[in-house]
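2 protein chains.
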Amino acid sequence: MKVVALAGGVGGAKMADGLARILPADDLTVIVNTGDDFSHFGLRICPDLDTVCYTLAGLANPSTGWGRADETWNALNSIRELGGPAWFQLGDKDLGTHLERTRRLAQGEPLSKIVRDFSRSWGIAAQILPMSDHPVETWVETEEMGWLPFQEYFVAQQCVPRVKQFEFRGAQQSLPAVGVLDALEVADCLIICPSNPWVSIAPILSIPGIKECCLKVPVRVAVSPIIGGKAIKGPAAKMYEELGINPSVLAVAESYRGLIDGLVIDRVDQAYGEPLEKGGLHVLVTQTIMQNYIDRMNLAKETLEFCQKLLIFRKGRT
Amino acid sequence: MKVVALAGGVGGAKMADGLARILPADDLTVIVNTGDDFSHFGLRICPDLDTVCYTLAGLANPSTGWGRADETWNALNSIRELGGPAWFQLGDKDLGTHLERTRRLAQGEPLSKIVRDFSRSWGIAAQILPMSDHPVETWVETEEMGWLPFQEYFVAQQCVPRVKQFEFRGAQQSLPAVGVLDALEVADCLIICPSNPWVSIAPILSIPGIKECCLKVPVRVAVSPIIGGKAIKGPAAKMYEELGINPSVLAVAESYRGLIDGLVIDRVDQAYGEPLEKGGLHVLVTQTIMQNYIDRMNLAKETLEFCQKLLIFRKGRT
Numbered sequence: 516m517k518v519v520a521l522a523g524g525v526g527g528a529k530m531a532d533g534l535a536r537i538l539p540a541d542d543l544t545v546i547v548n549t550g551d552d553f554s555h556f557g558l559r560i561c562p563d564l565d566t567v568c569y570t571l572a573g574l575a576n577p578s579t580g581w582g583r584a585d586e587t588w589n590a591l592n593s594i595r596e597l598g599g600p601a602w603f604q605l606g607d608k609d610l611g612t613h614l615e616r617t618r619r620l621a622q623g624e625p626l627s628k629i630v631r632d633f634s635r636s637w638g639i640a641a642q643i644l645p646m647s648d649h650p651v652e653t654w655v656e657t658e659e660m661g662w663l664p665f666q667e668y669f670v671a672q673q674c675v676p677r678v679k680q681f682e683f684r685g686a687q688q689s690l691p692a693v694g695v696l697d698a699l700e701v702a703d704c705l706i707i708c709p710s711n712p713w714v715s716i717a718p719i720l721s722i723p724g725i726k727e728c729c730l731k732v733p734v735r736v737a738v739s740p741i742i743g744g745k746a747i748k749g750p751a752a753k754m755y756e757e758l759g760i761n762p763s764v765l766a767v768a769e770s771y772r773g774l775i776d777g778l779v780i781d782r783v784d785q786a787y788g789e790p791l792e793k794g795g796l797h798v799l800v801t802q803t804i805m806q807n808y809i810d811r812m813n814l815a816k817e818t819l820e821f822c823q824k825l826l827i828f829r830k831g832r833t
Numbered sequence: 516m517k518v519v520a521l522a523g524g525v526g527g528a529k530m531a532d533g534l535a536r537i538l539p540a541d542d543l544t545v546i547v548n549t550g551d552d553f554s555h556f557g558l559r560i561c562p563d564l565d566t567v568c569y570t571l572a573g574l575a576n577p578s579t580g581w582g583r584a585d586e587t588w589n590a591l592n593s594i595r596e597l598g599g600p601a602w603f604q605l606g607d608k609d610l611g612t613h614l615e616r617t618r619r620l621a622q623g624e625p626l627s628k629i630v631r632d633f634s635r636s637w638g639i640a641a642q643i644l645p646m647s648d649h650p651v652e653t654w655v656e657t658e659e660m661g662w663l664p665f666q667e668y669f670v671a672q673q674c675v676p677r678v679k680q681f682e683f684r685g686a687q688q689s690l691p692a693v694g695v696l697d698a699l700e701v702a703d704c705l706i707i708c709p710s711n712p713w714v715s716i717a718p719i720l721s722i723p724g725i726k727e728c729c730l731k732v733p734v735r736v737a738v739s740p741i742i743g744g745k746a747i748k749g750p751a752a753k754m755y756e757e758l759g760i761n762p763s764v765l766a767v768a769e770s771y772r773g774l775i776d777g778l779v780i781d782r783v784d785q786a787y788g789e790p791l792e793k794g795g796l797h798v799l800v801t802q803t804i805m806q807n808y809i810d811r812m813n814l815a816k817e818t819l820e821f822c823q824k825l826l827i828f829r830k831g832r833t
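Chains as they are written, first to last, in the working numbering: chain A, 516 to 833; chain B, 516 to 833.
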C-alpha cells in the first residue's frame, strides 16, 4: 500500500515517524509544509521540514519535539552578547543545516533536491518532500497587530495575537515540488497527520494542483490534531476559537470536508463518533496522543489498518 | 602620545593587545586589514578583524591565536555530516559574530560602525577600525593555480602554491573607513605591528589616502615579523623567498622603505642592526617573540619608548 502523508511540525513529524517505522521505505512519501519557512540572518530556515527530518532521522530533541538532541547554543549566545535578535532558537547543530541549505539554495539547487540529499546523509529511508520548491509564505492577520509573517506570529509573539485569517503568499505562482504529484498519483491512501489544519495543512493544499491530486487518491483520512477540545501543541484550538468555531473533532472534520473520507479521533472524543458517521465520514477511535515511539507506531499501525479497510470497502463498492 | 597601529592577524593582534594594556584607551587606534574578508555560506567573515577584537577582548583561543576560547564545533560538524564544505574553521561562538555582522551589513550599516558596537559589547576600550568600509579583496597569483582569492590560498591550499604577486581588488574604488584618516592626522606615532607585509599591511596601505596620511605621522616604526629569517606564524618568509628575496629584517626594511624611520628587530637579528642604521633607519633590538601577556606588554612598552625617543629626537631637529 503506497502512502502519502501530509505533515507540519512536531505532531505531524511524530506520526510520520510512526509510519516510517512500519511501512517499507519505498511505500511512504511525506509532503511537508514549507509555508513557515523564513530568512533570518540571511539563512533560509525551514522549521517544519527540519522537524520532520530530524524526527525521522532520530536526531530530534525528545523534550521539545523541534531542534536537535544534545544541542548547544553558543552561536545564539554570541549573538545575544552582541545585542542581536535572539528570539528564534538557533541551536549550533541546527545552524549547520541552515548554513548548508542556504549555501546550496544560493547555488540554484531546488529545495526538494537538497532535502533528498540531506535525508540520505541522515539515514532517512522514506521520501520527504517540501510542498513546493518555490517560496510560499504563510501570513497571519491578527486583530492586535495586523498582518504578521508566520514566525513573527508563532515565535516572536508566541501566538498571543488573535487571528482573523491566513494568507499563503506566493502560492498561486508556485508549483508542487518535483515528486509531489507523482507520489500522489500512485498513492493508495492519503494520511493527513495531526498537524494544524490552518497553518500546516492548508498551505500544502494551497499549492496549485496538490488538492486536485489528493482528491484522486482512493482513500483519504485525517488524524485529528484536536483532542478533547484542545491541541497537544501549538495554536490550532486557539485559532478555531478566535475564528468563531468551537474547537472539536467536528471542526476538524469541517476543515477537511470534501477532502477526507475517514477521520481518526482520540478515545476522549468517542462521543463524536456517531455524529461524524452520520455526516458521512468513516471514523476510527483510538489513542492518538503520542508520548513515545510505541504510541507513534500504534497510531500509525491502526491508521494504516483503517485505510486498508476503507480501501477494501471502496474496492467492494466499485 | 597618540598611537595608530596597523595590524593583520595573530601577530599583529598580540602586539595591539600589548599596546592596549599599556596605553590609555583614548590614545590607541588599531587599523586592521580587511583584505582577507570573504563570504562563505552567505556570511561575511572578517578573519583579521575578529582576531584583533577577540584578542583585545580576552576571548581569543590562546592555543591557536585565532578563533575563540572554549569553542565548540557543532555547526561545522553538521555541515560535514551533510557533505558541505568544511575547509574553513567555523566555530559555534565565532559563527554568532559572523551571523550578527552579516545581518547588520545587510541592513546597510558600515562595517566600522558594526566593529565599534561589537567592541563595546566585548569590553574593548581601544578604537578598532577596519581599513575600509568597502569590500577590498586580496588575491594571490600563484605559479601552480593562477589567481586565488586569499582564503582559498591561505586556508584551503594552506599557502602551498608559490606566490608570484598580489592584488588588492577594489582598493582603487575604496575609501578609508570612517575614522581612519582622523586617527592618523592626530597620531604622534604609527606602529606597524609584526604582521605579514605582503598580505596584511600592504592591503591597508593600498586604500587611497592611507599611505599619504601615514607619511604625515611624526614617528613611524615597524616591528619585524621576520625573526632569524623565519616568520613565527604564516607565510611571510615563504613569500619573500618565492619572490626572490632573502627573508630577513633587511627585506622587511625594504618592504617599508620610505614609510618608516624606525625598525624593531629581535635579538637573534642583532647583527643586522648596523647595516640597517647605515641604511638610515633607527633600530631597536629587543625580544619580539610574544609567548605570553608579559611578552606582549614588554614589546609594546619598549616599542613605545623607542617611539618616544624618536619623537624627541625629531622635535629636537625641527
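Note that the Cβ used here is the ideal one computed from N, Cα and C, for glycine as well.
Per DSSP, what kind of secondary structure is A671(A) in: helix, strand or coil? helix
What beta strand (DSSP E) runs, 3 residues minimum, are completely inside the segment 576-658 of chain B? 642-645 and 652-657
Status (buried if at least 16 other CB within 10 Å, exposed otherwise) for P718(A): buried
Members of the segment 599-629 of chain A that neighbour chain B once the beta carbon cut-off is set at 7 angstroms: G599, D607, K608, L610, G611, T612, L614, E615, T617, R618 and A621
Taking DSSP's pairing of strands, which residues face I780(A) in a bridge? V800(A)
Below 8 angstroms between beta carbons: does that hold for D648(A) and P625(A)? yes
Using 8 angstroms as the threshold, is the C-beta distance between A572(A) and I639(A) below it? yes
Every unbroken beta strand (DSSP E) within the segment 660-712 of chain B, with a cutoff of 3 residues, ordered by chain: 661-664, 678-684 and 704-707
Within 10 angstroms of its Cβ, does N589(B) collect 16 or more other Cβ (buried), or is it exposed? buried
Proximal chain B residues relative to N592(A), where beta-carbon distance stays under 8 angstroms: K608 and G611
Go ahead and label D585(B) buried or exposed: buried means 16 or more other beta carbons lie within 10 angstroms of its beta carbon, across all protein chains shown. exposed
Proximal chain B residues relative to T587(A), where beta-carbon distance stays under 7 angstroms: T587, N589 and D607
Closer than 8 angstroms to chain B by CB, G557(A): yes
Anything in the segment 625-657 of chain A with a Cβ closer than 8 angstroms to a Cβ of chain B? List those residues in chain order, please. D632, F633, S636 and W637
Measure the C-alpha to C-alpha separation of P762(A) and S739(A) and round it to an integer number of angstroms. 11 angstroms
Would you mind reading off the limits of the beta strand (DSSP E) that contains I546(B)? L543 to V547
Simplified DSSP state of S554(B), which is helix, strand or coil: strand
Hey, out of K731(A), N813(A) and E658(A), whose CA is closest to E757(A)'s CA? E658(A)
What does a CB cutoff of less than 6 angstroms around A692(A) pick up in its chain, not counting 5 residues either side in sequence? S627, L644, P645, S647 and D648
Within 8 angstroms of any Cβ in chain A, is that where the Cβ of E596(B) sits? yes
Is V567(A) closer than 8 angstroms to A540(A) when the C-beta atoms are compared? no
When you compare only the Cα positions, how much space is there between P562(A) and F665(A)? 11 angstroms
Where L778(B) and L543(B) are concerned, what is the direct C-alpha to C-alpha distance, given to the nearest angstrom? 20 angstroms
Do the CB positions of V518(A) and L564(A) come within less than 8 angstroms of each other? no
Counting C-beta neighbours from all protein chains within 10 Å, is the total for N807(A) 16 or more, i.e. buried, or is it exposed? exposed
Counterpart residues of L826(B) in DSSP-defined beta bridges: For L826(B), which the question treats as bridged, DSSP gives no partner whatsoever.
Look at the alpha carbon of V678(B) and the alpha carbon of G524(B), and state the distance between them as a whole number of angstroms. 19 angstroms
Are the Cβ atoms of T570(A) and D532(A) separated by less than 8 angstroms? yes
When you compare the CB positions of A575(B) and S710(B), do they come within less than 8 angstroms of one another, or not? no
Reference R735(B), options G744(B), G749(B) and L699(B), closest by Cα: L699(B)
Reference G744(B), options Y787(B), H797(B) and N548(B), closest by Cα: Y787(B)
Can you name, in chain order, every residue of its own chain whose Cβ lies under 6 angstroms from the Cβ of V798(A), other than the five neighbours on each side? L778, G788, L791 and E792
Given a cut-off of 8 angstroms on the beta-carbon distance, is the pair M805(B) and R536(B) in contact? no
Rounded C-beta distance between V732(B) and A702(B)? I'm assuming under 8 angstroms. 5 angstroms
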